[in-house]
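Enquirer: What follows is a structure written as structure tokens; I'll ask about it next.
There are 2 protein chains.
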Amino acid sequence: MQPHALQVFRAVAEHGSITAAARTLRYTQSAVSRQIAALEAETGAILFDRLPRGVALTEQGRCLLGHAEAVLDRLDAARRDLAALRELTAGRLRVGAFPTAVAALVPRALATFRSAHPGVALSLVEGLTPGLLERLLAGDADVAVLSAASDQPLDDERFDLHHLVDEVLLVAVPRTHRLAHRRTVRLRELADDAFIAGSADAEKTLLRATLPADFRPRIDIVAAEWTGKLGCVAAGLGVALIPALAVRAAPPDLALLRLHPDDASVRRVFAATVAGRSRPPAVHRFLDHLDTAAAGLGLPDHPSGSGVTPGNTN
Amino acid sequence: MQPHALQVFRAVAEHGSITAAARTLRYTQSAVSRQIAALEAETGAILFDRLPRGVALTEQGRCLLGHAEAVLDRLDAARRDLAALRELTAGRLRVGAFPTAVAALVPRALATFRSAHPGVALSLVEGLTPGLLERLLAGDADVAVLSAASDQPLDDERFDLHHLVDEVLLVAVPRTHRLAHRRTVRLRELADDAFIAGSADAEKTLLRATLPADFRPRIDIVAAEWTGKLGCVAAGLGVALIPALAVRAAPPDLALLRLHPDDASVRRVFAATVAGRSRPPAVHRFLDHLDTAAAGLGLPDHPSGSGVTPGNTN
DNA sequence: ATCCCGCCATGCTCTCGCGGCATGGCTGGC
DNA sequence: GCCAGCCATGCCGCGAGAGCATGGCGGGAT
Numbered sequence: 053m054q055p056h057a058l059q060v061f062r063a064v065a066e067h068g069s070i071t072a073a074a075r076t077l078r079y080t081q082s083a084v085s086r087q088i089a090a091l092e093a094e095t096g097a098i099l100f101d102r103l104p105r106g107v108a109l110t111e112q113g114r115c116l117l118g119h120a121e122a123v124l125d126r127l128d129a130a131r132r133d134l135a136a137l138r139e140l141t142a143g144r145l146r147v148g149a150f151p152t153a154v155a156a157l158v159p160r161a162l163a164t165f166r167s168a169h170p171g172v173a174l175s176l177v178e179g180l181t182p183g184l185l186e187r188l189l190a191g192d193a194d195v196a197v198l199s200a201a202s203d204q205p206l207d208d209e210r211f212d213l214h215h216l217v218d219e220v221l222l223v224a225v226p227r228t229h230r231l232a233h234r235r236t237v238r239l240r241e242l243a244d245d246a247f248i249a250g251s252a253d254a255e256k257t258l259l260r261a262t263l264p265a266d267f268r269p270r271i272d273i274v275a276a277e278w279t280g281k282l283g284c285v286a287a288g289l290g291v292a293l294i295p296a297l298a299v300r301a302a303p304p305d306l307a308l309l310r311l312h313p314d315d316a317s318v319r320r321v322f323a324a325t326v327a328g329r330s331r332p333p334a335v336h337r338f339l340d341h342l343d344t345a346a347a348g349l350g351l352p353d354h355p356s357g358s359g360v361t362p363g364n365t366n
Numbered sequence: 053m054q055p056h057a058l059q060v061f062r063a064v065a066e067h068g069s070i071t072a073a074a075r076t077l078r079y080t081q082s083a084v085s086r087q088i089a090a091l092e093a094e095t096g097a098i099l100f101d102r103l104p105r106g107v108a109l110t111e112q113g114r115c116l117l118g119h120a121e122a123v124l125d126r127l128d129a130a131r132r133d134l135a136a137l138r139e140l141t142a143g144r145l146r147v148g149a150f151p152t153a154v155a156a157l158v159p160r161a162l163a164t165f166r167s168a169h170p171g172v173a174l175s176l177v178e179g180l181t182p183g184l185l186e187r188l189l190a191g192d193a194d195v196a197v198l199s200a201a202s203d204q205p206l207d208d209e210r211f212d213l214h215h216l217v218d219e220v221l222l223v224a225v226p227r228t229h230r231l232a233h234r235r236t237v238r239l240r241e242l243a244d245d246a247f248i249a250g251s252a253d254a255e256k257t258l259l260r261a262t263l264p265a266d267f268r269p270r271i272d273i274v275a276a277e278w279t280g281k282l283g284c285v286a287a288g289l290g291v292a293l294i295p296a297l298a299v300r301a302a303p304p305d306l307a308l309l310r311l312h313p314d315d316a317s318v319r320r321v322f323a324a325t326v327a328g329r330s331r332p333p334a335v336h337r338f339l340d341h342l343d344t345a346a347a348g349l350g351l352p353d354h355p356s357g358s359g360v361t362p363g364n365t366n
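Going line by line, the protein sequences match chains A and B.
The number in the numbering used here is simply the position in the first sequence, starting from 1, with 52 added.
The number in the numbering used here is simply the position in the second sequence, starting from 1, with 52 added.
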């Protein structure tokens, strides 16, 4: 009952002739004759009547033919489905990402991925690093984009980490600011500036880990969204800290300065998968899209990278 | 993608372990490992994640598993169906028979066949020999019970003939008839008796071929049915010719005498199938039932058989 | 009527697939 | 730190299966 034998059987049934079937199958007549004989011995049924001019299905042969075609069709379907998964014309990709990454990096990667592989169902869930790792281990996500401070190496052996970019911290200042022409500034140079914070809580979770503990910015205005924050800066109300990943496009009315590495610990951004678990083709391909999206952001992919050149207008 | 490999694959997926699957399959671990590796090479997909404690299906593995189970189930169904056809728990049997045979012979065979194999769908169609042969060749019947006069040998090479009985012609006479004690009579001894015919037409088709052309019976009464015919005979209205096959049970109130072979050509009754065409198990088995039914009728299965002992009451 | 041709079955040979045996690498638990 | 269990792989032997050749058989053409 091997599919090979069933194919031969189907061909013989279609042609009504062993010799003709052998020709189209590129086999010798004897091989096909033996296959049929073996199938008849295995099933204990006479499948064909041997007529003087070829063969004809018996009732038992017709019975088997239906099953044989169903089996062969299903095997083809299996091959097609696996090929679709491999060729990324089907399947799904579940991405997890930390909040800053969903601003531009991951969406852009998803966009190019989707246009390249429209058949793959995409899902994106935002979360913090511990939760994302949890999802990965539980099998609820295929890949997670997460960040880790360089002094907190996230060396967990359970994950494979693919380095994407370094999340540098930028200082947004008005075009008219005295430091607007600088590429890099030190925190102490901003000691007298008014800072525009996000929410008090967000500022804590986002910046506390990266800024030196002794730096206490003077906070005048709280603006919950990055857009509002940058608007305040552009209006000359103060300066703001903003992770480079959160910048979607080069704002024309303000300057973005890199913070000196000694003042802010660089957080490395990774794509994480579960170690020892096979990367499905979709995940594998998505990492490429993440790489190009990261390169398109113009951020350094390693700590000694070049200057800040925010990404193109979207 | 051989079913063997799919079985191994399913077992490994169920056990989550190559070693455990190998144990239940009575294989060595290495054989199963190779099967999985070969399947992965063939499909171009990684089917399992190798964990430190066994293996776990990947997404592609789950994709294949559904198809594999469907294929294996369908193969089992095919085997079951073929076995059912072979064991006669399913299928159909289409019987054709000439009119006299449907009186007792064929119905009895069908009855015992049905009680032995209730799963087989039976159909019976009555017809004359030429039509029955037509049906056989056209594939509209699986077996045909027909009769042929011994001088018209029906030696067609296209059919396989299985001899069942010889259709002797009986003479029904009242118990009080002067010949009631005889076992065999000559036609000329009945020259003065009144004959009870079936329809004029039936008498022609049925008897003209078997009786000598110069015999002109004196017909007083026409009774269309065998029952009525025999009733008239029992009432003393005359005598009647009746093929032995049409006698369902020994009638207590009349005597059945065999006609001398020289007076009536014996018609041989066969079960015919198409020559060179395989006999399905149902047909093969039905021939046995026909044989026992024929034996149960108590008629000679060859011209030199013993006397008339009509079948048991049904 | 005879010959020939096409069809299917089968004995023989060889090759490759596949299973068993043994070993080696790896990881988690006592 | 050792051991036990799991999986992968080199090696070997057997059997399934394909090709080659032959033979039987029946139908159609000459």
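The beta-carbon is built from N, C-alpha and C at its ideal position, and this holds for glycine as well.
1. Where does R319 (chain A) land, buried or exposed, given buried means 16+ other C-beta within 10 angstroms?
2. Can you tell me whether D133 (chain A) is buried or exposed, with buried defined as 16 or more other CB within 10 angstroms of its CB?
3. Could one say the Cβ of D133 (chain A) lies closer than 8 angstroms to chain B's Cβ atoms, at least one of them?
4. Exposed or buried, what is E209 (chain A) when buried is set at 16 or more other beta-carbons lying within 10 Å of its beta-carbon?
5. Alpha carbons only, please: which of B:A249, B:G106, B:G250 is nearest the one belonging to A65 (chain B)?
6. Whole angstroms is fine: what's the gap from T80 (chain A)'s alpha carbon to H119 (chain A)'s?
7. Step through the CB atoms of chain B and report whether any lies within less than 8 angstroms of the CB of D218 (chain A).
8. For L339 (chain A), does the three-state DSSP call read helix, strand or coil?
9. Quick one: does I98 (chain A) have its CB under 8 angstroms from some CB of chain B?
10. Is there a Cβ from chain B that is less than 8 angstroms from the Cβ of S69 (chain A)?
11. Inspect the beta-carbon positions of G143 (chain A) and V177 (chain A) and report whether they are closer than 8 angstroms.
12. Can you tell me whether DSSP reads G357 (chain A) as helix, strand or coil?
13. Determine the direct distance from the alpha carbon of A292 (chain A) to that of R268 (chain A), and round the result to whole angstroms.
14. Below 8 angstroms on C-beta distance, what does Q54 (chain A) contact in chain B?
15. Is there a Cβ from chain A that is less than 8 angstroms from the Cβ of T141 (chain B)?
16. Per DSSP, R310 (chain B) is paired with what?
17. Tell me the DSSP secondary structure of G148 (chain A) in three-state form.
18. Measure from the C-beta of P332 (chain B) to each C-beta in chain A and report whether the shortest distance is under 8 angstroms.
19. Against chain B, with Cβ distances strictly below 8 angstroms, would T12 (chain A) count as a contact?
20. Could you name the residues that DSSP lists as bridge partners for S82 (chain A)?
21. Excluding the 5 residues flanking G113 (chain A) on each side, which residues of the same chain have their C-beta closer than 6 angstroms to its C-beta?
22. Considering only residues of the same chain and omitting the five flanking positions on each side of R146 (chain B), which have a CB-CB separation below 6 angstroms?
23. State yes or no: is the beta carbon of V177 (chain A) nearer than 8 angstroms to at least one beta carbon in chain B?
24. What are the partner residues of R319 (chain B), as DSSP defines its beta bridges?
25. Can you say whether L58 (chain B) is buried or exposed, counting buried as having 16 or more other CB atoms within 10 angstroms of its CB?
26. Mind checking which residues open and close the beta strand (DSSP E) that includes G106 (chain B)?
27. Using only the alpha-carbon positions, how far apart do H341 (chain A) and R187 (chain A) sit?
28. Give me the chain A residues within the contact set of A122 (chain B), using Cβ-Cβ distance strictly less than 7 angstroms, ordered along the chain.
29. Could you check which residue in A:V60, A:L349, A:P170, A:A156 has the C-alpha nearest to that of I88 (chain A)?
30. Using alpha carbons as the reference points, say which of A:T141, A:G288, A:R300, A:L289 lies closest to W278 (chain A).
31. According to the neighbour-count rule (16 or more other Cβ atoms, all chains shown, within 10 Å of its Cβ), is G191 (chain A) buried or exposed?
32. Give me the residue from B:V223, B:A90, B:D343 with the minimum Cα distance to P313 (chain B).
33. Using the Cβ count rule (16 or more neighbours within 10 Å means buried), how would you classify P333 (chain B)?
34. What separation, rounded to the nearest whole angstrom, lies between the Cα atoms of L75 (chain A) and E92 (chain A)?
35. Mind listing the chain A neighbours of R329 (chain B)? Cutoff is C-beta to C-beta under 7 angstroms, in chain order.
36. In the structure shown, what three-state DSSP assignment does H169 (chain A) receive?
Expert: Walking through what the data contain:
1. To locate residue 319 (chain A), count along the first sequence from 1; it is residue 267. Counting Cβ neighbours within 10 Å, R319 (chain A) comes out buried, since at least 16 surround it.
2. Locating residue 133 (chain A) in the first sequence gives position 81, counting from the first residue. Looking at its Cβ environment, which holds 16 or more other Cβ atoms inside 10 Å, D133 (chain A) is buried.
3. Looking up residue 133 (chain A) in the first sequence gives position 81. Judged by the 8 angstroms Cβ criterion, D133 (chain A) is in contact with chain B.
4. Taking the first sequence and counting its residues from 1, the one referred to as residue 209 (chain A) is at position 157. E209 (chain A) comes out exposed.
5. Here residue 65 (chain B) corresponds to residue number 13 of the second sequence, with the count starting at 1. Ranking B:A249, B:G106, B:G250 by Cα distance to A65 (chain B) puts B:G106 first.
6. If you number the first sequence from 1, residue 80 (chain A) lands on position 28. If you number the first sequence from 1, residue 119 (chain A) lands on position 67. For T80 (chain A) and H119 (chain A), the distance between alpha carbons rounds to 25 angstroms.
7. For the purposes of this step, residue 218 (chain A) is taken as the residue at position 166 of the first sequence. False, the Cβ-Cβ gap to chain B never drops below 8 angstroms.
8. By one-based count along the first sequence, residue 339 (chain A) stands at place 287. Helix, per DSSP.
9. Locating residue 98 (chain A) in the first sequence gives position 46, where the first residue counts as 1. It does; some Cβ of chain B falls within 8 angstroms.
10. In the first sequence, residue 69 (chain A) corresponds to position 17, counting from 1. Answer no: the Cβ-Cβ gap between S69 (chain A) and chain B never drops below 8 angstroms.
11. Against the first sequence, residue 143 (chain A) aligns to sequence position 91. Against the first sequence, residue 177 (chain A) aligns to sequence position 125. No, the Cβ-Cβ distance between G143 (chain A) and V177 (chain A) is not below 8 angstroms.
12. On the first sequence, residue 357 (chain A) is found 305 positions in, with the first residue counted as 1. Model confidence at G357 (chain A) stands at a pLDDT of 35, short of 50, so the residue's coordinates are unreliable; what they give is reported in the following sentence. If DSSP states are grouped into helix, strand and coil, G357 (chain A) belongs with coil.
13. Here residue 268 (chain A) is taken as the residue at index 216 of the first sequence, counted from 1. Here residue 292 (chain A) is taken as the residue at index 240 of the first sequence, counted from 1. R268 (chain A) and A292 (chain A): Cα-Cα distance of roughly 13 angstroms.
14. Here residue 54 (chain A) refers to the residue found at position 2 of the first sequence. The contacting residues are Q54, P55, H56.
15. Start at 1 with the first residue of the second sequence, and residue 141 (chain B) comes out as number 89. No, because no Cβ of chain A sits closer than 8 angstroms to the Cβ of T141 (chain B).
16. In the second sequence, counting from the first residue as 1, residue 310 (chain B) sits at position 258. Partner(s): B:L222, B:T236.
17. Residue mapping note: residue 148 (chain A) aligns to position 96 of the first sequence, counting from 1. G148 (chain A) carries a strand assignment under DSSP once its states are collapsed to helix, strand and coil.
18. Locating residue 332 (chain B) in the second sequence gives position 280, counting from the first residue. Closer than 8 angstroms: yes.
19. With chain A covering only 53 through 366, there is no way to say anything about residue 12 (chain A).
20. The count along the first sequence starts at 1 and reaches residue 82 (chain A) at position 30. Answer is none; S82 (chain A) lacks a bridge partner.
21. The residue you call residue 113 (chain A) lines up with position 61 of the first sequence. Close CB contacts of G113 (chain A) within its chain, under the 6 angstroms cut and outside five residues either way in sequence, are with L99, F100 (chain order).
22. As a position in the second sequence, residue 146 (chain B) is number 94, starting the count at 1. Taken in chain order, the residues that qualify are S175, A193, D194.
23. Against the first sequence, residue 177 (chain A) aligns to sequence position 125. Not an interface residue.
24. Taking the second sequence and counting its residues from 1, the one referred to as residue 319 (chain B) is at position 267. In DSSP, R319 (chain B) forms a bridge with B:A201, B:E219.
25. Here residue 58 (chain B) corresponds to residue number 6 of the second sequence, with the count starting at 1. L58 (chain B) is buried by the Cβ-count criterion.
26. Counting from one through the second sequence, the residue named residue 106 (chain B) turns up at place 54. Counting along the chain, the unbroken beta strand (DSSP E) around G106 (chain B) starts and ends at 106-109.
27. Against the first sequence, residue 341 (chain A) aligns to sequence position 289. Against the first sequence, residue 187 (chain A) aligns to sequence position 135. For H341 (chain A) and R187 (chain A), the distance between alpha carbons rounds to 22 angstroms.
28. Indexing the second sequence from 1 puts residue 122 (chain B) at position 70. What A122 (chain B) touches in chain A: R126.
29. Within the first sequence, the letter at position 36 stands for residue 88 (chain A). Of the candidates A:V60, A:L349, A:P170, A:A156, the one whose C-alpha sits nearest the C-alpha of I88 (chain A) is A:V60.
30. Numbered from its first residue, the first sequence carries residue 278 (chain A) at position 226. With distances taken between Cα atoms, W278 (chain A) lies closest to A:R300.
31. Here residue 191 (chain A) corresponds to residue number 139 of the first sequence, with the count starting at 1. Exposed, since its Cβ has fewer than 16 Cβ neighbours within 10 Å.
32. Here residue 313 (chain B) corresponds to residue number 261 of the second sequence, with the count starting at 1. When only C-alpha atoms are compared, the closest one is B:V223.
33. Reading the second sequence from its first residue, position 281 is the one you call residue 333 (chain B). The residue in question, P333 (chain B), is buried, as its Cβ has 16 or more Cβ neighbours within 10 Å.
34. Position 23 of the first sequence, counted from the start, is the residue given in the question as residue 75 (chain A). Position 40 of the first sequence, counted from the start, is the residue given in the question as residue 92 (chain A). One detail in the question is off: residue 75 (chain A) reads as Arg in this sequence, not Leu. In a straight line, the C-alpha of R75 (chain A) is about 21 angstroms away from that of E92 (chain A).
35. Counting from one through the second sequence, the residue named residue 329 (chain B) turns up at place 277. Those within 7 angstroms of R329 (chain B) in chain A are D101.
36. Start at 1 with the first residue of the first sequence, and residue 169 (chain A) comes out as number 117. Three-state DSSP puts H169 (chain A) in coil, outside helix and strand.
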